[in-house]
Amino acid sequence: MTEPVTVRLTVNGVAREGRCAPRKLLVDFVREDLALTGTHVGCEHGICGACTILVNGEAARSCLMLAVQADGAELTTVEGLMTDGALHPLQEAFREHHGLQCGFCTPGMLLTALDLLRVQPEPSEDDIRAGLSAVLCRCTGYHGIIKAVQAAAPRLR
Amino acid sequence: MKPPRFDYHAPRTVDEAVALLARYGGDAKPLAGGQSLVPLLNFRLARPAALIDLNRIPALAGIRETDGHVYFGAMTRQRAVEFSPIVARKLPLLTEATRWVGHLPIRSRGTIGGSIAHADPSAEYPAVLAALDGTVVARGPKGERELSAGALFETYLTTTLEPDELLTEIRLPVMRDGAGWAFEEFARRHGDFAIVGVAAAAWREDGRWSARLAIAGAGPVPVRLHGAEEIIARDGVGAAAVETAAARAADLVRPDSDLHASADYRRNLARVLTGRALRNAIARVK
């Protein structure tokens, strides 16, 4: 069926709804229909990781899902990381350790790192490097990003 | 770079999915985890008339062990395989191979059945299927059939599944108690498809050694390295025997050259990685 479909889902704890064509990618739905532009669109084929969000608590590429597939799901995007106007401890660590330059990859880095730290609460530097190889930074800023995730790990345990 | 138009169906049962595939007569694509299919849609390299989304069929996901086999619903996520205690205990080779599949965010969505049905010869799961003598179940309008890796994989990205057949289950015999295992791979970037990868299992019974070896990325389909296994069965696991088996692996494969690597380089990797996988598997034998 190519007719528009209704998508109901929870984004950052808030019930949201939209109508779109079945071919609409989740990342475009989040940005255009839900007006949450913190999630970035990079390569659109699952390589760069800029569009990574949490789907039902697990990091996933939102450019490789259709919006209709997220009907009923719970999403977390970068907009959902702050609480009461305060940065998430992971965001604080990125700021302290210069974990971003242009910021394009940052939303994907943050949500990928969050998922990584849930799966591996005490990662080694190698674990972090391997985990974050899921997201590409073209500012060559990896060093600060690795340090930020190392610093955030104990604060999130 | 957005998907072309398609009819979208999200059936709740396998029978419904098979009926839909039959109705479109080869113009429909089953959508599993989407980690390969959606990029093809985004680039418009694939333009199916319809997508049959399998993600709303609960019966297709899950891992269970019974009668010496582990059964995987085709829609079991790679992430579920990675963290499954059953798999870690009974199929540690599969656990290790899973860590080579893409990245964690890819494995959140990617499925074991999707990876096998996609039939990329550089992928890890097809090689594990071949190494462990696993089978897959295909269901079509006329019923079910069970296929070995050898019967399933035809060539690059091509299986012997009919257009109206759906891969529904993967069956892997449990590994022997005390068996060693290793998955060795070379890729240019972490998480990329392998240039070459080798799945190995080894065990000793009454003083006699056995090995199971399969290779990814060294030809149009994963290759079971029977000739190299025979050398281990005959000569044991001394350094010379392992090196002979590794050299045999390089002779057994017929890799093609492509922009990622030449055939000669892949053949060299077949030798190096088979030796490494064998040594690491043997070191883990209890």
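Same order as they appear, the protein sequences are chains A and B. Heads up: the first sequence begins at 1 in our numbering, then just goes up one per residue. Heads up: the second sequence begins at 1001 in our numbering, then just goes up one per residue. We put the CB at the ideal spot given by N, CA and C, even for glycine.
Report buried or exposed for residue i, applying the criterion of at least 16 other Cβ atoms within 10 angstroms of its Cβ.
i, result
"Ser1257(B)", "exposed"
"His98(A)", "exposed"
"Ala152(A)", "buried"
"Gly1033(B)", "buried"
"Thr1098(B)", "buried"
"Val149(A)", "buried"
"Ala60(A)", "buried"
"Pro1255(B)", "buried"
"Ser1262(B)", "exposed"
Taking the DSSP output, what are the residues bridged to residue i?
i, result
"Trp1209(B)", "Arg1204(B)"
"Leu75(A)", "Val11(A), Val55(A)"
"Arg19(A)", "Thr6(A)"
"Arg1171(B)", "Tyr1071(B), Thr1135(B)"
"His1118(B)", "Answer is none; His1118(B) lacks a bridge partner."
"Tyr1008(B)", "Leu1051(B)"
"Trp1181(B)", "Ala1201(B)"
"Gly1217(B)", "Bridge partners of Gly1217(B): none, in fact."
"Ala1028(B)", "Ala1050(B)"
"Val1196(B)", "Phe1186(B)"
Excluding the 5 residues flanking residue i on each side, which residues of the same chain have their C-beta closer than 6 Å to its C-beta?
i, result
"Ala1059(B)", "none"
"Glu1096(B)", "Phe1183"
"Ala1214(B)", "Ala1127, Ala1130, Ala1131, Ala1199, Pro1222, Arg1224"
"Ala1010(B)", "Asp1053, Arg1056"
"Ala1138(B)", "Arg1145, Leu1161, Glu1165, Leu1167"
"Ala1149(B)", "Leu1129, Ala1130"
"Arg157(A)", "Pro121"
"Arg1212(B)", "Ala1131, Ala1201"
"Ala134(A)", "Gly49, Thr112"
"Leu1094(B)", "Val1087, Val1128"
Could you tell me which of the options sits nearest to residue i, measuring between CA atoms?
i, options, result
"Arg138(A)", "Pro89(A), Leu100(A), Gln69(A)", "Leu100(A)"
"Asp28(A)", "Ala59(A), Cys63(A), Cys43(A), Glu3(A)", "Cys63(A)"
"Phe1193(B)", "Thr1244(B), Trp1100(B), Arg1145(B), Arg1266(B)", "Trp1100(B)"
"Ala1022(B)", "Lys1002(B), Ala1050(B), Pro1105(B), Leu1045(B)", "Ala1050(B)"
"Gly1143(B)", "Arg1271(B), Phe1006(B), Arg1279(B), Ala1019(B)", "Ala1019(B)"
"Thr1066(B)", "Asp1177(B), Leu1172(B), Ser1210(B), Arg1276(B)", "Leu1172(B)"
"Met1288(B)", "Val1285(B), Ala1187(B), Asp1235(B)", "Look at the range of chain B in this structure, 1001 to 1286, and you will see that residue 1288(B) is not part of it."
"Phe94(A)", "Ile145(A), Gly80(A), Glu74(A)", "Ile145(A)"
"Met65(A)", "Lys24(A), Met82(A), Ala86(A), Glu79(A)", "Lys24(A)"
"Thr52(A)", "Asp126(A), Ala86(A), Thr140(A), Leu132(A)", "Leu132(A)"
Tell me which residues share the same chain as residue i and place their Cβ nearer than 7 Å to its Cβ, disregarding the 5 neighbours each side in the sequence.
i, result
"Pro1121(B)", "Tyr1156, Ala1216, Gly1217, Gly1219, Pro1220, Val1221, Pro1222"
"Ile1282(B)", "Gly1180, Ala1202, Val1237"
"Met1001(B)", "In this prediction, Met1001(B) scores a pLDDT of 49, lower than 50, which makes its location untrustworthy; the coordinate-derived value is nonetheless stated afterwards. Asn1042, Phe1043, listed in sequence order."
"Arg1248(B)", "Gly1227, Ala1228, Ile1231"
"Ala1119(B)", "Pro1126, Phe1153, Leu1157, Thr1158, Thr1159"
"Phe1006(B)", "Pro1048, Ala1049, Ala1050, Leu1051"
"Arg1276(B)", "Glu1184"
"Arg1279(B)", "Val1242"
If I measure Cβ to Cβ from residue i and keep anything under 8 Å in the same chain, skipping five residues before and after, which residues do I get?
i, result
"Val1014(B)", "Ile1057, Ala1059, Leu1060, Arg1139, Leu1166, Thr1168"
"Ile1063(B)", "Val1070, Tyr1071, Phe1072, Gly1073, Thr1076, Ala1080, Val1081, Ser1084, Ile1086, Val1087"
"Gly82(A)", "It is Met, not Gly, that sits at residue 82(A) in the sequence shown. His88, Gln91, listed in sequence order."
Indicate whether the contact test is met: 3 or more Cβ pairs, each with one atom in the segment 1035-1055 of chain B and one in the segment 1132-1142 of chain B, closer than 8 Å.
Cβ pair count under 8 Å is below three, so no.
Is it true that the segment 1065-1079 of chain B meets the segment 13-24 of chain A, where meeting means three or more beta-carbon pairs spaced less than 8 Å apart?
Not touching, per the Cβ criterion.
Can you confirm whether the segment 25-44 of chain A touches the segment 1021-1028 of chain B when touching is taken to mean that 3 or more C-beta pairs between the two stretches lie within less than 8 Å?
In the pairwise beta carbon analysis, the segment 1021-1028 of chain B is classified as not touching the segment 25-44 of chain A: fewer than three pairs are separated by under 8 Å.
With contact counted as at least three CB pairs below 8 Å, one residue from each stretch, are the segment 19-27 of chain A and the segment 103-119 of chain A in contact?
Touching, no, given that fewer than three Cβ pairs across the two stretches are closer than 8 Å.
Give the residues from the segment 1092-1121 of chain B that approach chain D closer than 7 Å (Cβ to any Cβ), ordered along the chain.
The structure shown contains no chain D; its protein chains are A and B.
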